[in-house]
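Protein chains in written order, with my numbering: chain C, 1289 to 1399; chain D, 14 to 127.
Glycine residues also receive a C-beta, built at the ideal position from the N, C-alpha and C atoms.
Predicted, not measured: the structure shown is a model, and the values here were computed from it.
Here is the structure we will look at.
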């Protein structure tokens, strides 16, 4: 079946950039999302990108989409300790209502 | 900023009991969803709801599950006879396509079945 894959862990130093990667298999994905989950909290929508775009920037966040390779990345510039969380990649086909999530990447930011 | 709210934040129940998880979606949204996340596992889609009926459901959403929009603001998930494996975080979400087509999630209800 269709799947979304992410590496499980990433550790960076405060002030460095973080890059979280995601691959997906469904070529009909229309929307791709990044959600953040802090400990004990719900899913916070960080940003999203349409499949006809290859980049989107929003303050410290940059999303890159390589549709040919079905690869999505989230870059966090100047990573802060408050960025420590689990980051979920998700994709959705335009005609469907369900989103498919990756397993999440746990980002640890060290001071 | 409007947000999705869920109650309770934590529900503990005995196996075989019925539970109702409650959600208040964002007020002008038209599509509603339930997802679950078993501890340490992926977030999984359960069901979507539009125009007072289920529009899609996954294999997980069997006859033990039901959803309802009993009034203009609440959206509920009922599990008729809970099993141990129903223990999970249950997330409600809402959106209002067409447009950004983004789902906004509630904080979740942690269901523990003993």
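Take residue 1300 of chain C and list the residues in its own chain whose beta-carbon comes closer than 8 Å to its own, dropping the five residues that flank it on each side.
1306, 1367, 1395, 1396, 1397 and 1398
* Just the chain C side, please: which residues come within less than 7 Å of residue 120 of chain D by C-beta, in chain order? => 1329 and 1330
Check your understanding: Hey, is residue 55 of chain D's beta-carbon within less than 7 Å of any beta-carbon in chain C?
Key -> yes
Could I get the ranges of all uninterrupted beta strand (DSSP E) runs contained in the stretch 1296–1320 of chain C, with 3 residues as the minimum, in chain order? 1297–1301 and 1306–1312
* Determine the DSSP secondary structure at residue 1346 of chain C, reduced to helix, strand or coil. => strand
What residues from the stretch 69–87 of chain D come within 8 Å of chain C, judged by C-beta to C-beta, listed N to C? 69 and 71
query: Which bits of chain D does residue 1341 of chain C rub up against, with CB to CB less than 8 Å?
result: Going along chain D, no residue has its Cβ under 8 Å from residue 1341 of chain C, so there is no contact; the nearest lies around 13 Å.
Closer than 9 Å, Cβ to Cβ, to anything on chain D: give me those residues from the stretch 1350–1372 of chain C, in chain order. none
| query | Does the distance from the C-beta atom of residue 59 of chain D to that of residue 71 of chain D stay below 7 Å? | reply | yes
Practice task
Go ahead and label residue 1345 of chain C buried or exposed: buried means 16 or more other beta carbons lie within 10 angstroms of its beta carbon, across all protein chains shown.
Solution key: exposed
Can you check whether the CB of residue 1293 of chain C is closer than 7 Å to the CB of residue 1311 of chain C?
yes
Q. Buried or exposed: residue 1385 of chain C, going by 16 or more other Cβ atoms within 10 Å of its Cβ?
A. buried
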